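Undergrad: Chains as they are written, first to last, in my numbering: chain A, 33 to 154; chain B, 33 to 154; chain C, 33 to 154; chain D, 33 to 154. Just so you know, even glycine gets a beta-carbon here, dropped at the ideal spot from N, CA and C. What you are looking at is a predicted structure, and each value in this text was computed from that prediction instead of being measured. Handing you this structure, nothing more for now.
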């Protein structure tokens, strides 16, 4: 593909897989953070988030899991809350040529932070 | 409900229906603007957008239609585009007590703008 | 203005002010929820949020205050957090003709929820 | 830093710089897409976007330029438009240890698409 020739010659296939997976993870977080959700709507929302982000370049698969426990604990009277990064567990699988990267985001207790990292790359 | 007593005594039922519907319309636009979409993913995304926004206070129903023609015309090689307000047609039905409002957003050619207005209120 | 004639004849000036203010409040929440912020960046971000939302139709003024206490309490090692509705206190002043509405959003302890309501309208 | 030890041992310094820069680029696009903007507000918004995204891990500098020509061409009567990827030119500089990456996003005419790529990495 010409685009690869012109814009991506300076990085390896492995780096490209990491690059595209990381973009999609950052995008997913900031696109959907704030979306209203509860136990009834969560499954469809997870699917829509996956399908949307799978459209991005080099993305093979996106798995999104919203923490059900955090949805059960909703205490306000409106019976829903807003998606935030702390309740997300996401895997983005990106492929470029012979390289595959699995980018992960999950809430890390010790860090008190939803960390994004490279779970696997080859 | 106590909340109504405490925070909404200064507006009529009709105004409350308009208020809640308008919040949800503004929210929907700015939550999902930018989401990747194409002809394959659009139907599920519309449903997820509806279900999410129907969780908000006083919202009875949300109908979202993304303009298919604009999705057919995608010319880039990545085969998807990003949701923007110009391709959305949305109806939010909000109910408070005996009042119902239908808030509409659609692209108005003459205005070159996705206008939000009150389609019906009673 | 023709737009008013064509699309807003069915609501009062007061309802119009409420309508436009409510749209902008919903929009503000869902546009900026998730934005990285800390004590150093918060002031500029508040201004940018205000300026952006003041562009919307009939909006006279938007005042945004992010809860500094919640920013001081950031415990993760990355020294920033993401904006969420619970840390926002916002006033949107909307004017249509002879009517003015003040829409407010703030976190209500008893509701465990960032409530949007009409603080004043005349 | 322990986090690096625990979560990032499987990638090189160079890959880490690419990874963090790419996350931030994806995040920036999807966080701010849809934000109201015009020629008066654009400069402050650019600064706020930069400052917010510079908070993210390993980010040294973020330069955002919104296409002024596209703001001049606003034809609607409301005198503002919504940020979309096509009007953004962004450089994210990320540093990890001895490696630096410059991630770029700009609209590429031939692709009709705002491409994200690695402009420089060492």
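From which residue to which residue does the beta strand (DSSP E) around residue 132/B run?
TA: Element bounds for residue 132/B: 131-140.
Undergrad: When you compare the CB of residue 143/A with every CB in chain C, is at least one pair closer than 8 Å?
TA: Taking Cβ atoms only, chain C reaches closer than 8 Å to residue 143/A, which makes this a yes.
Undergrad: Let me make sure I understand the geometry here. Which of 50/B, 131/B, 146/B has the alpha-carbon closest to that of residue 89/C?
TA: With distances taken between Cα atoms, residue 89/C lies closest to 146/B.
Undergrad: Between residue 102/D and the ligand PLP, is the CB less than 7 Å from at least one heavy atom?
TA: Absence of the ligand PLP from the depicted structure is noted, as is the absence of any ligand whatsoever, leaving it without description.
Undergrad: Quick one: is residue 116/B near chain C, going by C-beta distance under 8 Å?
TA: It does not; no Cβ of chain C falls within 8 Å.
Undergrad: What is the DSSP secondary structure of residue 112/B, reduced to helix, strand or coil?
TA: Residue 112/B falls in the coil class under three-state DSSP.
Undergrad: Got a sec? Which residues, its chain only, sit under 6 Å from residue 129/C by beta carbon, not counting five neighbours each side?
TA: 45, listed in sequence order.
Undergrad: Have a look at residue 138/A and residue 78/A and give me their C-alpha separation to the nearest angstrom.
TA: Each residue's alpha carbon lies about 15 Å from the other.
Undergrad: Below 8 Å, can you find three or more Cβ-Cβ pairs linking the region 50-57 of chain A to the region 35-51 of chain D?
TA: Yes, the region 50-57 of chain A is in contact with the region 35-51 of chain D.
Undergrad: Note down, in chain order, every chain D residue with its Cβ under 7 Å from the Cβ of residue 97/C.
TA: The premise fails here: residue 97/C is roughly 15 Å from chain D at the closest Cβ pair, so nothing lies under 7 Å.
Undergrad: Taking the beta carbon of residue 36/B as the centre, do at least 16 other beta carbons fall within 10 Å, making it buried, or is it exposed?
TA: Residue 36/B comes out exposed.
Undergrad: Return the bridge partner residues of residue 91/D from the DSSP annotation.
TA: The partner list for residue 91/D (beta bridge, DSSP) reads 126/D.
Undergrad: Hey, quick one: how far does the beta strand (DSSP E) through residue 148/C stretch, first residue to last?
TA: Taken as a continuous stretch (DSSP letters only), the beta strand (DSSP E) holding residue 148/C covers 145-153.
Undergrad: Please report the straight-line C-alpha distance between residue 34/C and residue 109/D, rounded to a whole angstrom.
TA: If I take the Cα positions, the gap works out to 11 Å.
Undergrad: What is the C-beta distance between residue 73/A and residue 83/B, in whole angstroms, given that I count them as a contact (C-beta under 8 Å)?
TA: About 4 Å separates the two Cβ atoms, so the contact holds.
Undergrad: When you compare the region 117-127 of chain A with the region 87-105 of chain A, are there three or more beta-carbon pairs, one atom per stretch, that lie closer than 8 Å?
TA: Touching, yes, given that three or more Cβ pairs across the two stretches are closer than 8 Å.
Undergrad: Is the distance from the Cβ of residue 120/D to the Cβ of residue 70/D below 8 Å?
TA: Against a cut-off of 8 Å, the Cβ pair of residue 70/D and residue 120/D comes out as no contact.
Undergrad: Assuming residue 63/C is part of the alpha helix (DSSP H), what are its boundary residues?
TA: Residues 45-64.
Undergrad: Just tell me which of 107/A, 96/A, 141/A has its CA closest to the CA of residue 75/A.
TA: Nearest C-alpha to residue 75/A: 96/A.
Undergrad: Can you have a look at residue 123/A and say buried or exposed, based on whether 16 or more other CB atoms are within 10 angstroms of its CB?
TA: Buried, since its Cβ has 16 or more Cβ neighbours within 10 Å.
Undergrad: Mind checking residue 63/C: buried by the 16 CB within 10 Å criterion, or exposed?
TA: Classification of residue 63/C: buried, given that the 10 Å Cβ count is 16 or more.
Undergrad: Within 8 Å (strictly less), CB to CB, does residue 61/D reach chain A?
TA: Residue 61/D counts as touching chain A.
Undergrad: I'd like the span of the alpha helix (DSSP H) that includes residue 38/D, first residue to last.
TA: Its alpha helix (DSSP H) spans residues 34-39.
Undergrad: Mind pulling the chain A residues with CB within less than 7 Å of residue 78/C?
TA: By Cβ distance, chain A contributes nothing, its closest Cβ being about 17 Å from residue 78/C, past 7 Å.
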